[in-house]
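Engineer: Structure below; questions to follow.
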Amino acid sequence: MTNIKPMTLRWMGVAVGIVAVMILMALSVVYGLTSISWETAWQSFTKFNGSNEHIIIRENRVPRALIGATVGASLGVAGALMQAITRNPLASPSILGVNAGASFMIVIAVTFFSVSSLTAFSWLAFLGAGIASIVVYTLGSLGREGLTPMKLTLAGAAIAAMFSSLTQGMLVLNEKALEDVLFWLAGSVEGRSLTILVSVLPYICVGLIGSILISSKINTLVMGEDVAVGLGQRTLLVKAIAALFIVFLAGGSVAIAGPISLVGIVVPHLARYVAGYDYRWVVPYSAILGAILLLLADIAARFVIMPLEAPVGVLTAVIGAPFFIYIARREFNQL
Numbered sequence: 207m208t209n210i211k212p213m214t215l216r217w218m219g220v221a222v223g224i225v226a227v228m229i230l231m232a233l234s235v236v237y238g239l240t241s242i243s244w245e246t247a248w249q250s251f252t253k254f255n256g257s258n259e260h261i262i263i264r265e266n267r268v269p270r271a272l273i274g275a276t277v278g279a280s281l282g283v284a285g286a287l288m289q290a291i292t293r294n295p296l297a298s299p300s301i302l303g304v305n306a307g308a309s310f311m312i313v314i315a316v317t318f319f320s321v322s323s324l325t326a327f328s329w330l331a332f333l334g335a336g337i338a339s340i341v342v343y344t345l346g347s348l349g350r351e352g353l354t355p356m357k358l359t360l361a362g363a364a365i366a367a368m369f370s371s372l373t374q375g376m377l378v379l380n381e382k383a384l385e386d387v388l389f390w391l392a393g394s395v396e397g398r399s400l401t402i403l404v405s406v407l408p409y410i411c412v413g414l415i416g417s418i419l420i421s422s423k424i425n426t427l428v429m430g431e432d433v434a435v436g437l438g439q440r441t442l443l444v445k446a447i448a449a450l451f452i453v454f455l456a457g458g459s460v461a462i463a464g465p466i467s468l469v470g471i472v473v474p475h476l477a478r479y480v481a482g483y484d485y486r487w488v489v490p491y492s493a494i495l496g497a498i499l500l501l502l503a504d505i506a507a508r509f510v511i512m513p514l515e516a517p518v519g520v521l522t523a524v525i526g527a528p529f530f531i532y533i534a535r536r537e538f539n540q541l
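Last residue of the sequence shown: number 541 in our numbering, and the count goes up by one each step with no gaps.
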């Protein structure tokens, strides 16, 4: 009987979370610089008349809400997988340089090759995320002790700083590219069309569904390498598959919205606090809470400096930085 109650509560939490995401998406459609009533929002789908309000809803607000939820869910799950396979509570796509690597490849393409294709952006983001992941993991594994959370964090910070510096250097040399990608580099879901979401959605879906399917394997892995091997798990294969899903999720998110920081580190900790340490629940909770966090940040970004709008990446950094400091202090105090 004791097992039924937590299971029931977890399913109830999933249901409440999904409802919360839907409510926030509706709020995202209605609220912003242009005041739109709920009736007008409904009529934009049932009685479209080509008015400015209807066009704003259908061409800007709805894609923005869908993209915000998708990117938030992707970053949340990517962070949960990274923290699991590295056994590092500070791991996330932004901290370990994955976002910076994806951004670097896209800026190279824009600066030197004038690439503007959404499909090309997607593949370049995946390539950059993959390269950054391999380099960080390799550097973190060097030395007699092998891979450790501290070495991985330091390697990720170094690679992120390197890619960010190279990115800024290229943009300084090319003012046109700077104008094209500066707002994108701050991390934003504003002005994105459904076309760019559709172009990367298959990869994100593979990443999200695949993460749920391997979550039971992740449970074994987090018990320790020796324990997992003793139970017959092929740990290298599990890590490789999880890393591929991380590249799909983080790379796809950067291709859509730019490098949005700290969602991937905050959300998995919240998910574990709410759902426990069973990754069969941590993964879906990370997706739901990631969507909620990014939608909340995006709605807030529209009002903090009205009539201008702050990039959502700035809001997530403000929210996530104190949390990151708290986690870092807690971990270092345990050393």
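Every residue, glycine too, gets a C-beta built ideally from N, C-alpha and C.
None of the values given here were measured: they were computed from a predicted structure.
(1) Could you check where the alpha helix (DSSP H) with Lys423 kicks off and where it finishes?
(2) Kindly indicate the opening and closing residues of the alpha helix (DSSP H) around Glu396.
(3) Note down the Cα distance separating Ser234 from Leu358, rounded to an integer number of angstroms.
(4) Assuming the contact rule is C-beta atoms closer than 8 Å, Ser492 and Val283 should be a hit. Round their C-beta distance to whole Å, please.
(5) Helix or strand or just coil, what does DSSP make of Tyr237?
(6) Return the CA-CA distance between Val518 and Ile498, expressed in angstroms with no decimal places.
(7) What does the Cβ neighbour count give for Lys253, buried or exposed, with the cut at 16 atoms within 10 Å?
(8) Are there three or more Cβ pairs, one per stretch, closer than 8 Å when the region 443-462 is compared with the region 280-295?
(9) Can you give the Cα-Cα distance for Ser370 and Phe327, rounded to whole angstroms?
(10) Which residue wins for smallest C-alpha separation from Leu281, given the options Gly458, Ala523 and Val524?
(11) Could you say which of Met512, Ser323, Ala335 and Ser298 lies nearest to Met311 if we only look at CA atoms?
(12) Just checking my contact of Met512 with Leu230 at CB under 8 Å: how many whole Å lie between their CB atoms?
(13) Can the beta-carbon of Thr441 be found less than 8 Å from the beta-carbon of Leu427?
(14) Helix, strand or coil for Trp217, going by three-state DSSP, please let me know.
(15) For Ile224, which option in Val524, Ile494, Leu348 and Ser399 has the closest C-alpha, if you only look at C-alpha atoms?
(16) Using DSSP with H/G/I as helix, E/B as strand and the rest coil, what is Ala338?
(17) Use the C-beta contact count for Asn258: other C-beta atoms within 10 angstroms, 16 or more gives buried, fewer gives exposed.
(18) Taking the C-alpha atoms as reference points, what is the distance between Ser323 and Ala279?
(19) How long is the line joining the alpha carbons of Tyr532 and Val488, rounded to whole angstroms?
(20) In whole angstroms, what is the alpha-carbon distance linking Met213 and Leu379?
(21) In chain order, what are the residue ranges of uninterrupted alpha helix (DSSP H) at least 4 long that sit wholly in the region 245-291?
(22) By DSSP, does Tyr485 sit in helix, in strand, or in coil?
(23) In the DSSP assignment, the alpha helix (DSSP H) including Thr317 goes from what residue to what residue?
(24) Is DSSP giving Ala392 helix, strand or coil here?
(25) Considering Cα atoms alone, identify which of Pro355, Val395, Gly285 and Met218 is closest to Ile176.
(26) For Gly526, which residues in the same chain have their Cβ closer than 6 Å to its Cβ, ignoring the five residues on either side in sequence?
(27) Below 8 Å on the Cβ atoms is my guess for Pro465 versus Leu391; work out the distance and round it to an integer in Å.
(28) Compute the beta-carbon to beta-carbon distance between Gly393 and Ile301, rounded to the nearest angstrom, for a pair I have assumed lies under 8 Å.
(29) By DSSP, does Gly223 sit in helix, in strand, or in coil?
(30) Where do the ends of the alpha helix (DSSP H) carrying Phe454 lie?
(31) For Gly274 versus Leu476, is the C-beta spacing smaller than 8 Å?
(32) Exposed or buried, Gly438, counting other C-beta atoms within 10 Å across all chains shown (16 or more means buried)?
(33) Using the Cα positions of Ala306 and Ala338, report the straight-line distance between them to the nearest angstrom.
(34) Apply the 10 Å Cβ neighbour rule to Ile452 and answer buried if 16 or more other Cβ atoms are within range, or exposed otherwise.
(35) Give the secondary structure of Ile210 by DSSP, where H, G and I count as helix, E and B as strand, and everything else as coil.
(36) State the DSSP-derived secondary structure class of Gly430, mapped to helix, strand or coil.
Structural biologist: Based on what the coordinates show:
(1) If you number the sequence shown from 1, residue 423 lands on position 217. Residues Ser421 to Leu427.
(2) Translated into the one-based positions of the sequence shown, residue 396 becomes position 190. Looking at the DSSP string, Glu396 is not in any alpha helix (DSSP H), and its letter there is neither H nor E.
(3) As a working note, residue 234 is residue 28 in the sequence shown. As a working note, residue 358 is residue 152 in the sequence shown. Cα-Cα distance, rounded: 37 Å.
(4) Position 286 of the sequence shown holds residue 492. Position 77 of the sequence shown holds residue 283. Yes, Ser492 and Val283 are in contact; Cβ-Cβ is about 5 Å, under 8 Å.
(5) Sequence index remark: in the sequence shown, residue 237 carries index 31 (1-based). In the structure shown, Tyr237 sits in coil (DSSP, three-state: anything other than H, G, I, E or B).
(6) Taking the sequence shown and counting its residues from 1, the one referred to as residue 518 is at position 312. Taking the sequence shown and counting its residues from 1, the one referred to as residue 498 is at position 292. Straight-line Cα distance between these residues: approximately 13 Å.
(7) For this step, residue 253 is matched to residue 47 along the sequence shown. Flag for Lys253 reads exposed.
(8) yes
(9) The count along the sequence shown starts at 1 and reaches residue 370 at position 164. The count along the sequence shown starts at 1 and reaches residue 327 at position 121. Rounded to whole angstroms, Ser370 to Phe327 spans 18 Å at the Cα level.
(10) For this step, residue 281 is matched to residue 75 along the sequence shown. The option with the nearest alpha carbon to Leu281 is Gly458.
(11) Counted from its first residue, the sequence shown places residue 311 at position 105. Among Met512, Ser323, Ala335 and Ser298, the Cα nearest to that of Met311 is on Ala335.
(12) As a first step, residue 512 is located in the sequence shown; it is residue number 306 there, counting from the start. As a first step, residue 230 is located in the sequence shown; it is residue number 24 there, counting from the start. The Cβ separation is near 19 Å, so there is no contact.
(13) As a working mapping, residue 441 is identified with position 235 in the sequence shown. As a working mapping, residue 427 is identified with position 221 in the sequence shown. Their beta carbons are under 8 Å apart, which means Thr441 touches Leu427 by this criterion.
(14) The residue you call residue 217 lines up with position 11 of the sequence shown. Looking at Trp217 - three-state DSSP - the assignment turns out to be helix.
(15) For the purposes of this step, residue 224 is identified with residue 18 of the sequence shown, where counting begins at 1. The option with the nearest alpha carbon to Ile224 is Ile494.
(16) Within the sequence shown, the letter at position 132 stands for residue 338. Here Ala338 sits in helix by DSSP.
(17) As a first step, residue 258 must be located in the sequence shown, where it is residue number 52. Flag for Asn258 reads exposed.
(18) As a first step, residue 323 is located in the sequence shown; it is residue number 117 there, counting from the start. As a first step, residue 279 is located in the sequence shown; it is residue number 73 there, counting from the start. Roughly 25 Å between the two C-alpha positions.
(19) Position 326 of the sequence shown holds residue 532. Position 282 of the sequence shown holds residue 488. One C-alpha to the other measures close to 21 Å.
(20) The residue given as residue 213 occupies position 7 in the sequence shown. The residue given as residue 379 occupies position 173 in the sequence shown. When rounded, the distance between both Cα atoms is 56 Å.
(21) 258-262
(22) Taking the first residue of the sequence shown as 1, we reach residue 485 at position 279. Collapsing the DSSP output to three states places Tyr485 in a helix.
(23) As a working note, residue 317 is residue 111 in the sequence shown. Val304 to Phe319 is the extent of the alpha helix (DSSP H) around Thr317.
(24) Here residue 392 corresponds to residue number 186 of the sequence shown, with the count starting at 1. Coil at Ala392, not helix or strand.
(25) Here the chain has residues from 207 to 541 only, and residue 176 is not among them.
(26) As a first step, residue 526 must be located in the sequence shown, where it is residue number 320. For Gly526, where only same-chain residues beyond five positions count, the Cβ hits under 6 Å are Leu468 and Val472.
(27) Here residue 465 corresponds to residue number 259 of the sequence shown, with the count starting at 1. Here residue 391 corresponds to residue number 185 of the sequence shown, with the count starting at 1. Confirmed, Cβ separation roughly 7 Å.
(28) As a working note, residue 393 is residue 187 in the sequence shown. As a working note, residue 301 is residue 95 in the sequence shown. Rounded, the Cβ-Cβ distance is 15 Å, inconsistent with contact.
(29) On the sequence shown, position 17 is the one that residue 223 refers to. The answer is helix: DSSP assigns Gly223 an H, G or I state.
(30) As a first step, residue 454 must be located in the sequence shown, where it is residue number 248. Thr441 to Ala463 is the span of the alpha helix (DSSP H), which, as asked, contains Phe454.
(31) Here the question's residue 274 lines up with position 68 in the sequence shown. Here the question's residue 476 lines up with position 270 in the sequence shown. Not a contact, by the Cβ cut-off of 8 Å.
(32) Locating residue 438 in the sequence shown gives position 232, counting from the first residue. Counting other Cβ atoms within 10 Å of its Cβ, Gly438 stays below 16 and is therefore classed as exposed.
(33) As a position in the sequence shown, residue 306 is number 100, starting the count at 1. As a position in the sequence shown, residue 338 is number 132, starting the count at 1. Ala306 and Ala338: Cα-Cα distance of roughly 8 Å.
(34) Position 246 of the sequence shown, counted from the start, is the residue given in the question as residue 452. Ile452 is buried by the Cβ-count criterion.
(35) As a first step, residue 210 must be located in the sequence shown, where it is residue number 4. With a pLDDT of only 47 at Ile210, under 50, the local geometry of the prediction cannot be trusted, and the value read off the model is given with reservation. Ile210 falls in the helix class under three-state DSSP.
(36) To locate residue 430, count along the sequence shown from 1; it is residue 224. Of the three classes helix, strand and coil, the one that applies to Gly430 here is coil, per DSSP.
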